[in-house]
Amino acid sequence: MRCRKIFVGRCTEDMTTDELRQFFMQYGEVTDVFIPKPFRAFAFVTFADDQVAQALCGEDLIIKGVRCHGENRTGTGGGLPGLPSAAGAAVIFGGCGRQRSQPDMG
């Protein structure tokens, strides 16, 4: 089974799990959203279908005015201590700046 979890980088402190769930539900069923406490500017979103996570690879998305780009990364599930691991392929969103051509909508 391929990975159903995506890493969402460059989150802002005002983003909530409900907002991220609502945003990503347009792509498929979301089974979990994890934002670490204390806040660390990222989140994990898990989909019911691994094909949804893979389909987001290479996509540019704007979440609350923050432009993000999806990349496919492979790994063994290691990562940062104390955080959920995502064995296998993962779609990474991050490394992008705030979009200036549109006002924040929420």
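Residue numbers for the sequence shown follow full-length UniProt numbering, so the first one is 1 and each next one is one higher.
The beta-carbon is built from N, C-alpha and C at its ideal position, and this holds for glycine as well.
Only a predicted model underlies this, so the values are computations on that prediction, with no experimental measurement involved.
Could you tell me the alpha carbon to alpha carbon distance between residue i and residue j, rounded to whole angstroms?
{"i": "ASP49", "j": "GLY28", "result": "7 Å"}
{"i": "GLN102", "j": "ILE62", "result": "Its pLDDT being 35, under 50, GLN102 is placed unreliably in this model, and the coordinates cannot settle the point."}
{"i": "ALA53", "j": "GLU19", "result": "18 Å"}
{"i": "CYS57", "j": "GLN51", "result": "10 Å"}
{"i": "GLU59", "j": "MET25", "result": "15 Å"}
{"i": "LYS5", "j": "LYS37", "result": "19 Å"}
{"i": "PHE23", "j": "VAL45", "result": "11 Å"}
Going along the chain, which residues of its own chain have a beta-carbon closer than 6 Å to the beta-carbon of residue i, five neighbours each way excluded?
{"i": "CYS11", "result": "ALA41, PHE42 and ALA43"}
{"i": "PHE39", "result": "GLU13"}
Within a Cβ cutoff of 8 Å, which residues of the same chain sit near residue i, ignoring the five residues on either side of it in sequence?
{"i": "MET15", "result": "ILE35, ALA43, ILE63 and LYS64"}
Quick test of your reading: residue i and residue j, contact by CB under 8 Å. State the CB separation rounded to the nearest angstrom.
{"i": "PHE7", "j": "THR31", "result": "The Cβ separation is near 16 Å, so there is no contact."}
Hey, quick one: how far does the alpha helix (DSSP H) through residue i stretch, first residue to last?
{"i": "ALA43", "result": "It is not in any alpha helix (DSSP H) - ALA43 instead sits in the beta strand (DSSP E) that spans 42-47."}
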